[in-house]
Amino acid sequence: MPARPVILVFDSGLGGLTVLREVVRARPDAGYVYVADDAFFPYGRHGEAALIARLVPLMGELIAGWRPDLVVIACNTASTLVLPHLRAAHAVPFVGTVPAIKPACAGSRSRLVSVLGTEATVKREYTRALIRDFGQGCAVTLVGSAHLAAIAEAALRDEPVDAAAVAAEIAPCFVAQDGRRTDTIALACTHYPLLLDRLRAASPWSVDWIDPAPAIARRVVDLLGGPPAGQAARPAADRFVFTSQRPPAPALVAALEGFGLRLQDAARPGSDGRDAPAALGAAGR
Ligand code: DGL
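Residues 1 to 285 in UniProt numbering are what the sequence shown lists, from first letter to last.
In structure tokens form, the structure reads like this:
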């Protein structure tokens, strides 16, 4: 692996920022390309064949354009379906994001656990197999949310969020039976940690919310190694790409800079020689 790897972090939208934040903490010296496939958002509404047909060639184009050393699929809806197809088609190592059912069930005291994801993720055979293999005797309630990912995107755009709508989306996660109550909810969509304060406020009782991002960052370090010893200088070469080619809003740029990223001007050719695939366009600042 190169001393200063390039890591491509991919999601249907901005949910993958919750993963990016942890990966940047783990490898602050790496260069980052964040790709939001917003032209196809939300993934939770697409059929399986359509998602595979979209993602395998799109990833080929992104890998050819950006030449990443590792790709993080920061999306449960994609990872639970497309990872084997991506690995078969492309040689670059992939780290996926899948529902954190094992840690959620391991940590639950009431043995009532819920998994909150997109409607597509909770239907996947992959998710059901995780429950069979790692449920550890817990009763696991699968809750597919139709609207939370879009609500999270709206919240990031500083649009008002309807607290009652959030409460309605998460209500089925809270199960009370035989004197026990759900005590752990796995956040199986990377958009949802963006709403954590709102999820807490809309909860009928307090639960542990499991965000898989720190575990994903650890997996990246397993594959790439840790950062070099000493003070890691950030390369000024990070990129942000919307597949719709819209430019990132100033608030988004500020959030990325808050993570420590330094976005490169899209208009200038990359000093790292890695330019955006022409079909997608670069949306740096
Ligand atoms: N952030 C994505 C996930 O983790 C999905 C949101 C969507 O596009 O439906 O599943």
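Virtual Cβ for every residue (Gly too), placed ideally from N, Cα, C. Please read these numbers as outputs of a predicted model, since none were measured by experiment.
Sequence-distant partners of A217 (beyond 5 residues in either direction) whose C-beta falls short of 6 Å from its own C-beta, in its chain, are E22, V23, A26. Of D38, P28, R4, G31, the smallest CA-CA separation from P248 is found for D38.
The continuous alpha helix (DSSP H) containing G107 extends over residues 101-107.
In the DSSP annotation of this structure, the continuous segment of the alpha helix (DSSP H) that includes L86 starts and ends at 76-89.
Membership of F134 in the alpha helix (DSSP H) is indicated by the continuous run 125-134. Looking at the DSSP output, D238 bridges to L263.
With respect to C173, G15 sits apart: the two C-beta atoms are not nearer than 8 Å.
Counted as a single uninterrupted DSSP element, the stretch harbouring G31 is not any alpha helix (DSSP H) but the beta strand (DSSP E) occupying residues 31-36. Taking the Cα of A50 as reference, the smallest distance to any Cα among V220, L81, L224, C75 is reached at L81.
DSSP places A229 in no beta strand (DSSP E); its state is neither H nor E. The beta carbon of L187 sits closer than 7 Å to the beta carbons of L116, P193, W209, I210, D211 from its chain, once the five residues preceding and following it are set aside; these are given in chain order. Shortest gap from the CB of G179 to any heavy atom of the ligand DGL: 7 Å or more. Under the 8 Å Cβ criterion, the segment 90-108 counts as touching the segment 131-140, having at least three qualifying pairs. With respect to the 8 Å criterion, E125 and G144 are not classified as neighbours on the basis of their beta carbons. Less than 8 Å divides the Cβ of E153 from the Cβ of G13.
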